[in-house]
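K.L.:
Questions regarding the structure given below will be posed in turn.
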Amino acid sequence: MRNTILSVYQPSHLASLVPTMQDFIESATQNLQTSQVEGEDITFSNLSLGLATDIIGQAAFGVSFGLSRPQQSSTTTTTSNNNTDEVSDFINQHIYSTTQLKMDLSGSFSIILGLLIPILQEPFRQILKRIPYTMDWKVERTNKKLSGRLDEIVAKRMRDRDRGSKDFLSVILNARETETVSKNVFSPDYISAVTYEHLLAGSATTSFTLSSIVYLVSGHREVETKLLAEIDEFGPRDLVPTAQDLQTKFPYLDQASRLSESMRYFVVSPLIARETSKEVEIGGYTLPKGTWVWLAPGVLSKDPKNFPEPDKFKPERFDPNCEEEKRRHPYALIPFGIGPRSCIGQKFSLQEIKLTLIHLYRKYIFRHSPNMEKPLELEYGIVLNFKYGVKLGVIKRT
Ligand code: HEM
Numbered sequence: 410m411r412n413t414i415l416s417v418y419q420p421s422h423l424a425s426l427v428p429t430m431q432d433f434i435e436s437a438t439q440n441l442q443t444s445q446v447e448g449e450d451i452t453f454s455n456l457s458l459g460l461a462t463d464i465i466g467q468a469a470f471g472v473s474f475g476l477s478r479p480q481q482s483s484t485t486t487t488t489s490n491n492n493t494d495e496v497s498d499f500i501n502q503h504i505y506s507t508t509q510l511k512m513d514l515s516g517s518f519s520i521i522l523g524l525l526i527p528i529l530q531e532p533f534r535q536i537l538k539r540i541p542y543t544m545d546w547k548v549e550r551t552n553k554k555l556s557g558r559l560d561e562i563v564a565k566r567m568r569d570r571d572r573g574s575k576d577f578l579s580v581i582l583n584a585r586e587t588e589t590v591s592k593n594v595f596s597p598d599y600i601s602a603v604t605y606e607h608l609l610a611g612s613a614t615t616s617f618t619l620s621s622i623v624y625l626v627s628g629h630r631e632v633e634t635k636l637l638a639e640i641d642e643f644g645p646r647d648l649v650p651t652a653q654d655l656q657t658k659f660p661y662l663d664q665a666s667r668l669s670e671s672m673r674y675f676v677v678s679p680l681i682a683r684e685t686s687k688e689v690e691i692g693g694y695t696l697p698k699g700t701w702v703w704l705a706p707g708v709l710s711k712d713p714k715n716f717p718e719p720d721k722f723k724p725e726r727f728d729p730n731c732e733e734e735k736r737r738h739p740y741a742l743i744p745f746g747i748g749p750r751s752c753i754g755q756k757f758s759l760q761e762i763k764l765t766l767i768h769l770y771r772k773y774i775f776r777h778s779p780n781m782e783k784p785l786e787l788e789y790g791i792v793l794n795f796k797y798g799v800k801l802g803v804i805k806r807t
């Protein structure tokens with residue numbers, strides 16, 4: 410299964426996605442221009458969520474949700490021609506459901522209870538989801554609608570004989586129809602679940618990372634100056650970098666964004682769970698089969714042994730010639746997880762983030778809005794989120 414999915418994320422396929430990604434990015438920037446009145450702020454985190462959701466929507470379902478397009482030109486771009494209304498409703502519910510998955514005291518009662526007394530979580534959830542207007546009831550209602558919607562999209566695409574092979578859903582459906590793959594493995598329910606997993610895993614994470622980079626760079630002028638110099642040096646403003654250019658020609662952008670300083674500073678998935686499949690010894694402790702083990706990349710990334718002055722934003726610490734970089738443990742920073750179940754979309758998201766930053770910084774610079782709280786408040790959910798959004802002033806570059 411993972412191999413089938415991985416084919417969508419092969420370098421050659423990713424490279425072919427550059428024009429599609431760029432198209433969405435330009436639309437989102439166009440929105441930025443038209444909505445920009447002097448002195449008006451933008452909530453950058455909303456823009457980035459729309460953009461990331463549109464891009465993964467295209468890659469996962471082969472349809473454009475139209476969230477980052479100017480209103481009047483919101484159209485589908487590929488295989489399905491009349492899916493926009495259907496999926497934009499779906500996606501609004503998806504965004505609602507993503508932002509409701511909180512793990513602090515503002516979350517649903519069953520989630521809070523689960524944090525304190527895990528054994529009581531499920532029985533309480535079963536009761537609360539039947540009591541109207543509780544958070545559990547709202548989440549259950551939205552999730553039901555979402556899975557119903559998703560099942561419809563999958564069923565429709567299953568009937569589509571001319572579905573192509575560029576998006577994730579088509580690749581799995583095509584694999585299902587080959588003789589080598591059992592139809593029992595790729596049941597419609599299973600396909601809906603993995604497609605939704607991709608949408609969920611690929612939107613909030615990428616959007617948060619993009620917002621956190623722009624937020625951090627806007628607050629560090631010396632970093633911004635170096636970043637702008639590297640981007641400007643690449644070539645004329647309308648020259649779109651290839652996938653190869655993105656990997657080799659932007660080393661400073663890599664330090665400021667890639668598996669590095671911004672992702673260390675704000676770790677989007679601060680906790681990763683594993684369950685032991687057999688008895689195992691870790692660090693002198695014997696863990697029986699079935700034990701839950703939590704990895705804490707968010708704690709690792711703030712360990713002063715590997716990252717001196719961990720609360721300072723210093724992209725230079727990832728300079729390959731820097732002593733700190735040479736000394737550091739190779740697994741000190743694992744924002745995409747580690748091992749055979751690590752993030753499948755790592756290269757996809759890095760390509761998207763870099764393309765977006767290059768396009769944005771060729772045209773604009775950003776400043777923290779006085780309306781944004783200081784320090785920025787975070788919300789701990791299935792992924793980290795900005796509680797009140799990242800609010801920025803936009804300055805057009807000349
Ligand atoms: C900056 C963006 C992203 C970050 C920081 C991120 C981070 C992560 C992390 C920490 C995990 C868990 C890894 C583990 O358990 O060891 C994960 C899993 C996963 N991610 Fe991402 N992710 C990002 C973007 C994406 C994108 C764009 C996609 C889809 C295109 C995606 C799809 C997945 C999937 C399907 C899994 C589950 C893999 C499995 O269980 O085998 N992610 N991601």
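Counting from 410, one number per residue, gives the positions in the sequence shown under our numbering. Glycine included, every Cβ here is placed at the ideal spot set by N, Cα and C.
#1: Measure the beta-carbon distance from F453 to V623 and round it to whole angstroms, keeping in mind my assumption that it falls under 8 Å.
#2: Contact defined as beta carbons within less than 8 Å: I believe F745 pairs with Q755. What is the distance between those atoms, to the nearest angstrom?
#3: So what does DSSP say about V427, is it helix, strand or coil?
#4: Within 10 angstroms of the Cβ of I366, are there 16 or more other Cβ atoms? Answer buried if so, exposed if not.
#5: Here's the rule I'm using: 16 or more other beta-carbon atoms within 10 Å means buried, otherwise exposed. How should Y605 be labelled?
#6: Quick one: what does DSSP say D450 is sitting in, helix, strand or coil?
#7: Judging by CA-CA distance, which residue of T543, L655 and E531 is the nearest neighbour of P420?
#8: Is there a Cβ of chain C sitting closer than 8 Å to that of G798, yes or no?
#9: Do you know offhand how far P541's Cα is from K547's?
#10: Would you please state the rounded distance, in angstroms, between the beta carbons of F795 and S620? I believe it to be under 8 Å.
#11: I believe L801 touches H768 by the beta-carbon criterion, under 8 Å. Please report the beta-carbon distance rounded to the nearest angstrom.
#12: Going by DSSP in three states, N491 sits in which element: helix, strand or coil?
#13: Report yes or no: do three or more beta-carbon pairs, one from the region 681 to 690 and one from the region 707 to 724, lie closer than 8 Å?
#14: Less than 6 Å between C-beta atoms, sequence neighbours within five positions excluded: which residues of the same chain meet that for T484?
#15: May I ask you to list the residues that DSSP assigns as paired with V689?
#16: Which runs of the beta strand (DSSP E), 3 residues or longer, sit entirely within the region 764 to 801?
#17: Using DSSP with H/G/I as helix, E/B as strand and the rest coil, what is W703?
#18: Which value, in whole angstroms, describes the spacing of the CA atoms of K635 and R585?
#19: From P428 to W703, what does the alpha carbon distance come to, in whole angstroms?
#20: Looking only at C-alpha atoms, which of I465, Q535, S601 and Q653 sits nearest to D576?
#21: Answer yes or no: the CB of I600 versus the heavy atoms of the ligand HEM, is any distance below 7 Å?
#22: Here's a check: name, in chain order, each residue in its chain whose Cβ is nearer than 7 Å to the Cβ of R771, leaving out the five neighbours to either side.
#23: Does DSSP put K805 in a helix, a strand or coil?
#24: Can I804 be considered in contact with the ligand HEM, in the sense that its beta carbon sits closer than 7 Å to one or more heavy atoms?
#25: Within this structure, are the beta carbons of V799 and L441 separated by less than 8 Å?
#26: Per DSSP, what kind of secondary structure is E718 in: helix, strand or coil?
#27: Return yes when at least one heavy atom of the ligand HEM lies under 7 Å from the C-beta of T429, else no.
#28: Go ahead and label V417 buried or exposed: buried means 16 or more other beta carbons lie within 10 angstroms of its beta carbon, across all protein chains shown.
#29: For G693, count neighbouring Cβ atoms within 10 angstroms of its own Cβ and tell me buried if that reaches 16, exposed if not.
#30: Compute the minimum distance between the beta carbon of F727 and the heavy atoms of the ligand HEM, and state whether it is under 7 Å.
#31: Ignore the nearest five residues each way along the sequence and tell me which others in E633's own chain have a CB closer than 6 Å to its CB.
#32: Determine the extent of the beta strand (DSSP E) in which R683 is found, giving its start and end residues.
#33: Expressed to the nearest angstrom, what Euclidean distance is found between the alpha-carbon atoms of L426 and K805?
#34: With a 10 Å radius around its C-beta and 16 neighbouring C-beta atoms as the bar for buried, classify Y674 as buried or exposed.
#35: From this set, A610, H629, F727 and Q535, which residue's C-alpha is nearest M672's C-alpha?
#36: Hey, how far is the Cα of I753 from the Cα of H629?
P.N.:
Taking the definition as stated:
#1: Residue numbering aside, residue 453 sits at position 44 when the sequence shown is read from its first letter. Residue numbering aside, residue 623 sits at position 214 when the sequence shown is read from its first letter. Indeed they touch by this definition, with Cβ atoms about 6 Å apart.
#2: Within the sequence shown, the letter at position 336 stands for residue 745. Within the sequence shown, the letter at position 346 stands for residue 755. Sure, about 5 Å apart at Cβ, within 8 Å.
#3: Here residue 427 refers to the residue found at position 18 when the sequence shown is read from its first residue. Looking at V427 - three-state DSSP - the assignment turns out to be helix.
#4: Given a span of 410 to 807 for the chain in the structure shown, any question on residue 366 remains unanswerable.
#5: Indexing the sequence shown from 1 puts residue 605 at position 196. By the 10 Å Cβ count, Y605 comes out buried.
#6: In the sequence shown, residue 450 corresponds to position 41, counting from 1. In the structure shown, D450 sits in a strand (DSSP, three-state: E or B).
#7: Here residue 420 refers to the residue found at position 11 when the sequence shown is read from its first residue. The shortest Cα separation from P420 among T543, L655 and E531 belongs to L655.
#8: Judged by its chain identifiers, the structure shown contains no chain C, having just a single protein chain.
#9: In the sequence shown, residue 541 corresponds to position 132, counting from 1. In the sequence shown, residue 547 corresponds to position 138, counting from 1. Looking at the two C-alpha atoms, the distance is approximately 8 Å.
#10: Mapped onto the sequence shown, residue 795 falls at position 386. Mapped onto the sequence shown, residue 620 falls at position 211. That pair is a contact at about 7 Å.
#11: Here residue 801 corresponds to residue number 392 of the sequence shown, with the count starting at 1. Here residue 768 corresponds to residue number 359 of the sequence shown, with the count starting at 1. Actually they are not in contact, since the Cβ atoms of L801 and H768 sit about 16 Å apart, beyond 8 Å.
#12: Counted from its first residue, the sequence shown places residue 491 at position 82. Confidence is the limiting factor: at N491 the pLDDT is only 43, short of 50, which leaves the residue's position unreliable, though a coordinate-based value still follows. Judged by DSSP in its simplified three-state form, N491 adopts coil rather than helix or strand.
#13: No: fewer than three Cβ pairs fall under 8 Å.
#14: Indexing the sequence shown from 1 puts residue 484 at position 75. Only weak support is given to the placement of T484: the predicted model assigns it a pLDDT of 35, under 50, and the question is left unresolved by the model.
#15: On the sequence shown, residue 689 is found 280 positions in, with the first residue counted as 1. Paired residues: L696.
#16: Those beta strand (DSSP E) runs which fall completely within the region 764 to 801 and span 3+ residues are 773 to 777, 787 to 789 and 793 to 795.
#17: The residue labelled residue 703 in the question sits at position 294 within the sequence shown. Judged by DSSP in its simplified three-state form, W703 adopts strand.
#18: Along the sequence shown, one-based indexing puts residue 635 at 226. Along the sequence shown, one-based indexing puts residue 585 at 176. Going by C-alpha positions, K635 is about 49 Å away from R585.
#19: Translated into positions along the sequence shown, residue 428 becomes position 19. Translated into positions along the sequence shown, residue 703 becomes position 294. Cα-Cα distance, rounded: 39 Å.
#20: Here residue 576 is taken as the residue at index 167 of the sequence shown, counted from 1. Looking at the Cα atoms, I465 is the closest of the given residues.
#21: Position 191 of the sequence shown, counting from 1, holds the residue named residue 600. Answer for I600: no, Cβ out of range of the ligand HEM.
#22: Locating residue 771 in the sequence shown gives position 362, counting from the first residue. The residues are I640 and R646.
#23: By 1-based counting over the sequence shown, the position of residue 805 is 396. In this structure, DSSP gives K805 an extended state, which the three-state scheme calls strand.
#24: Position 395 of the sequence shown, counted from the first residue, corresponds to residue 804. Not so, every heavy atom of the ligand HEM lies at least 7 Å from the Cβ.
#25: Position 390 of the sequence shown holds residue 799. Position 32 of the sequence shown holds residue 441. No, the pair does not count as a contact, with Cβ atoms beyond the cut-off.
#26: Translated into positions along the sequence shown, residue 718 becomes position 309. Three-state DSSP puts E718 in coil, outside helix and strand.
#27: Walking along the sequence shown from the start, residue 429 turns up at place 20. Incorrect: T429 has no Cβ contact closer than 7 Å to the ligand HEM.
#28: In the sequence shown, residue 417 corresponds to position 8, counting from 1. Here V417 is buried: its Cβ has 16 or more other Cβ atoms, across all protein chains shown, within 10 Å.
#29: If you number the sequence shown from 1, residue 693 lands on position 284. Residue environment: G693 is assigned as exposed (fewer than 16 neighbouring CB atoms within 10 Å of its CB, all protein chains considered).
#30: The sequence position of residue 727 within the sequence shown is 318, counting from 1. Flag unset: Cβ of F727 not near the ligand HEM.
#31: As a working mapping, residue 633 is identified with position 224 in the sequence shown. If you ignore the 5 residues before and after E633, its C-beta comes within less than 6 Å of the C-beta of V626, all in its own chain and listed in chain order.
#32: The residue you call residue 683 lines up with position 274 of the sequence shown. From DSSP, the beta strand (DSSP E) with R683 extends over I681 to E684.
#33: As a first step, residue 426 must be located in the sequence shown, where it is residue number 17. As a first step, residue 805 must be located in the sequence shown, where it is residue number 396. In a straight line, the C-alpha of L426 is about 28 Å away from that of K805.
#34: If you number the sequence shown from 1, residue 674 lands on position 265. With 16 or more other Cβ atoms from the protein chains shown falling within 10 Å of its own Cβ, Y674 counts as buried.
#35: As a working mapping, residue 672 is identified with position 263 in the sequence shown. Nearest C-alpha to M672 among A610, H629, F727 and Q535: F727.
#36: Taking the first residue of the sequence shown as position 1, residue 753 is located at position 344. Taking the first residue of the sequence shown as position 1, residue 629 is located at position 220. Spanning the two alpha carbons is a distance of roughly 31 Å.
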